[in-house]
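Heads up: the structure comes next, in structure tokens.
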Amino acid sequence: MELQGSLMSLKGYNLQFLKKDIPAGIIIALVSIPISIGYSLVAGLPPVYGLYGSLLPILAYGLITSSPRFVFGVDAAPAALVGGMLYSMGVAFQSDDAIRLVPVITLLTAAWILIARLIGLGKLVRFISSPVMGGFITGICCTIILMQIPKLYGGDSGRGELYELMIHIYNTMVTNVHIPSLILGAGTIAVIMISRKFIPAVPMSAVMMFIGAGITYVMHLESYGVKLLPSVRSGLPSLAIPDLSLLHGNVRTMMLQTLIIAIVIISETLLATNNFALKYDDRIDNNREIIAYAVGNLAGALVGCCPVNGSVSRSNIADQFGVKSQVMSISAAATMMLILLFGTGFIHLLPVPVLTGIVISALISSTEFSLAATLHKVDKTEWKIFYVVMFTVLIFGTIYGVLVGIIMSFVTVIIRASNPPRSRLGYIQEKDQFYPVDRTTGTREIKGALIYRFGGALFFANANTIKEEIDDLVTDDIKAVIIEASGITSIDVTAVERLMILYNKYKERGVKLFLTEHSGNLNDQLRAFGAEQMFKDYAIVPHIYQALKSVGITKPYELGDCEGDICYLPISGSAGSSQIAEFEWAYGDQAEARMEEVANSLADKLITLETVDDEMIREVERNALGSNWSEIDEEKFLDFLEFQLAHLLELGKIDPDKFQRVREKILLYHAKLDSQINDRNSDELDKIIKTRMVREEQFKSRFPAAYHAFAEERARHREILKNKYPEILERIKRLRAEGPDASQPREKPEQDKSSFPVLHELEQFVDGVKDYFHLKN
0 MELQGSLMSL KGYNLQFLKK DIPAGIIIAL VSIPISIGYS LVAGLPPVYG LYGSLLPILA
60 YGLITSSPRF VFGVDAAPAA LVGGMLYSMG VAFQSDDAIR LVPVITLLTA AWILIARLIG
120 LGKLVRFISS PVMGGFITGI CCTIILMQIP KLYGGDSGRG ELYELMIHIY NTMVTNVHIP
180 SLILGAGTIA VIMISRKFIP AVPMSAVMMF IGAGITYVMH LESYGVKLLP SVRSGLPSLA
240 IPDLSLLHGN VRTMMLQTLI IAIVIISETL LATNNFALKY DDRIDNNREI IAYAVGNLAG
300 ALVGCCPVNG SVSRSNIADQ FGVKSQVMSI SAAATMMLIL LFGTGFIHLL PVPVLTGIVI
360 SALISSTEFS LAATLHKVDK TEWKIFYVVM FTVLIFGTIY GVLVGIIMSF VTVIIRASNP
420 PRSRLGYIQE KDQFYPVDRT TGTREIKGAL IYRFGGALFF ANANTIKEEI DDLVTDDIKA
480 VIIEASGITS IDVTAVERLM ILYNKYKERG VKLFLTEHSG NLNDQLRAFG AEQMFKDYAI
540 VPHIYQALKS VGITKPYELG DCEGDICYLP ISGSAGSSQI AEFEWAYGDQ AEARMEEVAN
600 SLADKLITLE TVDDEMIREV ERNALGSNWS EIDEEKFLDF LEFQLAHLLE LGKIDPDKFQ
660 RVREKILLYH AKLDSQINDR NSDELDKIIK TRMVREEQFK SRFPAAYHAF AEERARHREI
720 LKNKYPEILE RIKRLRAEGP DASQPREKPE QDKSSFPVLH ELEQFVDGVK DYFHLKN
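Numbering of the sequence shown is given in numbering that gives the first Met the number 0, commencing with residue 0 and proceeding in unit increments.
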């Protein structure tokens, strides 16, 4: 079977790709020199074994992998795990014992990976979540950074866990800070981190390696007390079968710990490879990948290096150079072979602080704190899991970190399954559809009915949840409890038993309980587990409206009032309740803040243009805000845009003549939109006008100096309506005379968003705006 991406499937390879693949491979080899040497030292091996790990293993992986772009080699997590094993076994780093033992560790790791493939254990990796893996990798990176910090200022690397590492750092700082070394190490980190932001295409790790060697050559840094790497013998590695007799007396320890290393390699590399493949729609065969990991580690064992792993950082570098295939691996291996044959002489010129700075910079880029920040915003449970795993690694070590990570992964699955998404559903008459009342503005519950959506498998762990929540929600006026079950994928016997208890209880009270909107497969399970009575009573029906009709609730539905947390209408937000604001549906609580940010950014762009037309405004809206966009959203967006233009005029950031031209086009477009909304639903326009009045008062109180320009905009808007849509102007006059509707729903609690004039540019929206103007110009 031939797979796209591997060297075994290069039939039909486009020779034009060589211009990308060969340079990418050369760069990967050069970048791998300092990083692989650094991780080799972390694993307890002499520097040259890091270079060996960047030769044969990367070539073996490239021959088999289905990924055309991913890079394999010596990496942080396996190196740290091996170093921890040696430390716990009392094996001196870089000793003959370490050189003999590490290949055995690598061989056992390869064997475990192959066994995982043969018995299908790779499927279990899907249960290791990104927060768990992110916390584990971040914990390892932080541990290695703490180990390496003393080497920045002339000390020796630390060993052990967080407490021991902090004590070691303190002791070395008190007694042994070498200023020239500190300048070199800290300077290397600063240069790499700054260049990563401003010139990311430059492989600064390789550049700093050569700069460090050059400084040593010119200034003889060793004479200033700066430590240098030891000399590395030239020549290719010799192949040798690891000495399995070293397992004697350590079988249990080594088998368990190499299993953990194998799990880490499979889970981390598979997850990263598949995430990376999504960018280019590459097809990844997970089974083939696991075999590639096993063969790569077998090659590593033969040359004596530590276990090897996929490298996200080096894969990103290859991607920056436009890599197209694993010809990159041939190029990288060939380059490393030339370095081993002819270029090892410069390695003894590398200052240890510079190498340490390169390694620490690579580790910083490998941490997943950005993932933790995202989790903190959207899922506090997974955010806690991330840090539990990270601090377990830091405090108790990598082995416990892996075990806790695996346990937390399964706990996460159980938590999610036992606490699936649930919501009460309401109705929007003009849409003739049901929406969650706690997410969608203007949704109102149908009187006499409780419509309850449950999303996820219904089984013993969450069966009580549905019962308890429905009991809490049912009031005396409820005639029907309707479970919207479109999200229920399966049900077990315990859940059916609880469901029947609930059904019979409400039946005795004269309340009909229905199950609707689910798939036919669920009906088979319900009958098999004893819910036949619900079928006989016609309590299982295909659609919500059928359940409502069976208890005498027919269209037009009588809707409940806006009370409590239902039917919120933000005074600066949605314009009406009878049409769902689709942008709000898509983005929830963040919808208004995001729309406001885009309006601010668009205003900045508009003032740079000479002409503006309707189609341009519509196209920019589509580019910046996507397809989840209704007339209600658009009306609100234009209000924000007009507010911001007035604010820019008051700040002197827009020429008055240009302001008039841009404003005229937007106001014409806004008036046309008012007419379209009026033609569709005049009551809707009334609600928009009343909400618009409240928004105007908000703007006036926040920016009184800019309000004069905005008032002129509104006056011009009414003048346009007078000429083109006089009946709409009359309605506006009448409604403005009445003032804002005091019966409007109260304001939604304040959302966490930036103040109006702050021009944060949310990338996912502003990029769309920029792309549009780039193409337009």
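We put the CB at the ideal spot given by N, CA and C, even for glycine. Since this is a predicted model, take the numbers as computed values, not measurements.
Strand pairing of Gly-425, partner residues [DSSP] = Tyr-434
Outcome for Thr-553 when other beta-carbon atoms lying within 10 angstroms are tallied against a minimum of 16 = exposed
Please classify Thr-355: is it buried, with 16 or more other beta-carbons within 10 angstroms of its beta-carbon, or exposed?
-> buried
DSSP-derived helix/strand/coil call for Tyr-451 = strand
If you draw a straight line from the alpha carbon of Ile-346 to that of Ala-23, how long is it in whole angstroms?
-> 22 Å
Beta bridge counterpart(s) of Arg-443 as assigned by DSSP | Tyr-426
Looking only at C-alpha atoms, which of Glu-712, Phe-639, Ser-700, Ala-705 sits nearest to Lys-652?
-> Ala-705
Mind checking which residues open and close the alpha helix (DSSP H) that includes Thr-411?
-> 397-417
Leu-50 to Val-225 span [Cα, whole Å] | 23 Å
Nearest to Trp-111 by CA position, among Asp-242, Pro-241, Ile-259, Pro-420, is which residue?
-> Ile-259
With Leu-55 and Ala-239 assumed to form a contact (beta carbons below 8 Å), what rounded beta-carbon distance in angstroms separates them?
-> Rounded, the Cβ-Cβ distance is 12 Å, inconsistent with contact.
Pro-509 burial status per 10 Å Cβ neighbour count (16 or more: buried) = Sequence inspection shows Gly at residue 509; the Pro mentioned does not correspond to that position. So Gly-509 ends up on the exposed side.
Just how far apart, CA to CA, sit Gly-559 and Lys-511?
-> 20 Å
Val-231 versus Pro-45: straight-line alpha-carbon distance, rounded = 9 Å
Between the region 472-489 and the region 515-535, do at least 3 Cβ pairs fall closer than 8 Å?
-> yes
Closer than 7 Å: is that where the CB of Lys-379 sits relative to any heavy atom of the ligand HEM?
-> Absence of the ligand HEM from the depicted structure is noted, as is the absence of any ligand whatsoever, leaving it without description.
Counted within 10 angstroms of its Cβ, other Cβ atoms place Phe-275 as buried (16 or more) or exposed = buried
In this structure, what does DSSP give as the bridge partners for Ala-479?
-> Ala-448, Lys-511
Helix, strand or coil: which one does DSSP assign to Leu-238?
-> coil
Could you give the uninterrupted runs of the beta strand (DSSP E) lying entirely in the region 284-343, keeping only those of 3 residues or more?
-> 308-310
Asn-286 classed as buried or exposed, judged by whether at least 16 other C-beta atoms fall within 10 angstroms | exposed
The alpha helix (DSSP H) spanning Gly-37 covers which residue range?
-> 17-41
By how many angstroms is the C-alpha of Arg-452 removed from the C-alpha of Ile-500?
-> 19 Å
Indicate whether Tyr-38 and Ala-78 have their beta-carbon atoms separated by less than 8 Å.
-> yes
Pair every Cβ in the region 637-657 with every Cβ in the region 673-681, then say whether three or more of these pairs are closer than 8 Å.
-> no
Which partner residues of Gly-778 appear in the DSSP bridge assignment?
-> Outside the shown range of the chain, which is 0 to 776, sits residue 778, and nothing can be said about it.
Name the two residues that bound the continuous alpha helix (DSSP H) containing Arg-232.
-> Counting along the chain, Arg-232 falls outside any alpha helix (DSSP H), and DSSP gives it neither H nor E.
Reference Lys-548, options Leu-644, Lys-466, Gln-532, Gly-447, closest by Cα | Gly-447
Let me know the secondary structure DSSP gives Tyr-223 once reduced to three states.
-> helix
For Pro-541, which three-state DSSP category applies?
-> coil
Just how far apart, CA to CA, sit Lys-857 and Tyr-426?
-> Because the chain in this structure spans residues 0 to 776, residue 857 falls outside the shown range and cannot be described.
Could you tell me the boundaries of the alpha helix (DSSP H) in which Lys-278 lies?
-> 250-279
Assuming Tyr-60 and Gly-295 form a contact by the criterion Cβ under 8 Å, report the distance between their Cβ atoms to the nearest whole angstrom.
-> 4 Å
Over what stretch of residues does the alpha helix (DSSP H) that includes Phe-92 continue unbroken?
-> Note, Phe-92: premise wrong, no alpha helix (DSSP H); not H, not E.
As assigned by DSSP and simplified to three states, the class of Gly-486 | strand
Under the three-state reduction of DSSP, which class applies to Leu-558: helix, strand or coil?
-> strand
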